[in-house]
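Worksheet: the structure to be examined is printed underneath.
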Amino acid sequence: MKKNVIIASALTMVVWSGSVMAANEVQFVGVVSDSTCDLTPKVNGSVQNLVQLGSVATNTTGTPVSFTLKADPTATGCGTTDLAGKIATISWAGPFNTVGLKAQGGVATDAVTLISTVNAQTTAIQSITSTHSNAEFDATKLTSDGAQFTAALKGGAIVGDYNSAAAYVVAYN
6 MKKNVIIASA LTMVVWSGSV MAANEVQFVG VVSDSTCDLT PKVNGSVQNL VQLGSVATNT
66 TGTPVSFTLK ADPTATGCGT TDLAGKIATI SWAGPFNTVG LKAQGGVATD AVTLISTVNA
126 QTTAIQSITS THSNAEFDAT KLTSDGAQFT AALKGGAIVG DYNSAAAYVV AYN
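If you count the sequence shown from 1, you need to add 5 to reach this note's numbering.
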């Protein structure tokens, strides 16, 4: 009986120590604002949050894929009068480096996604990176043109699949 208790205790310690070693971090993002107008990702006009980047050769950049973060003009806080005179600052969070969005999974760990604005307010085209993760847009355009971006897969030297994800928040000022 004593031997079984020792074995059970040892097994419990192994299981719990594995659980502790598997701990990871959780990130929380949000915005406090006096006005809200949620944006929805659209790829080729369809509401979806998956951008298919296709295939690229090693050390080359693929064809940019357009996507838009767009507001529903009938939603609360998204009317033209609600957004008039406001700037929408879109802030990105994720595993960005100074080039783009790093891989979170897959074999091609040195590949990145190059995300660029198309119609930002100050500088129309700007890259989203770890050193420049915000872009400002005229808030009234969010219901018509939307905040337009392109994404392109830039291959590194390692061949294989690539996947990653990024979160965004919008602040209206």
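Cβ atoms here follow ideal geometry from the backbone N, Cα and C, with glycine treated the same way.
Remember, it's a predicted structure, so these values are computed and weren't measured experimentally.
Listed as beta-bridge partners of Q126 by DSSP are no residues whatsoever.
Distances from the CA of T118 to each of V48, V175, N168 and N54 were compared; the closest alpha carbon is that of N168.
One Cα belongs to V56, the other to G82, and the distance between them is close to 27 Å. For D87, the enclosing alpha helix (DSSP H) covers residues T85 to L88. Under the DSSP assignment, I92 falls in the beta strand (DSSP E) whose first and last residues are I92 to A98. Between V123 and G99, the alpha-carbon positions lie close to 20 Å from each other. In the structure shown, L119 adopts extended strand secondary structure according to DSSP, grouped into three states. Within the same chain, P100, N168, S169 and A170 come within 7 Å of Q109 by CB-CB distance, once the 5 residues on both sides are set aside.
Membership of V174 in the beta strand (DSSP E) is indicated by the continuous run A172 to Y177. For Q131, the closest of A113, T155 and S149 by C-alpha to C-alpha distance is T155.
In this structure, L147 sits away from A80, with a CB-CB distance that is not shorter than 8 Å.
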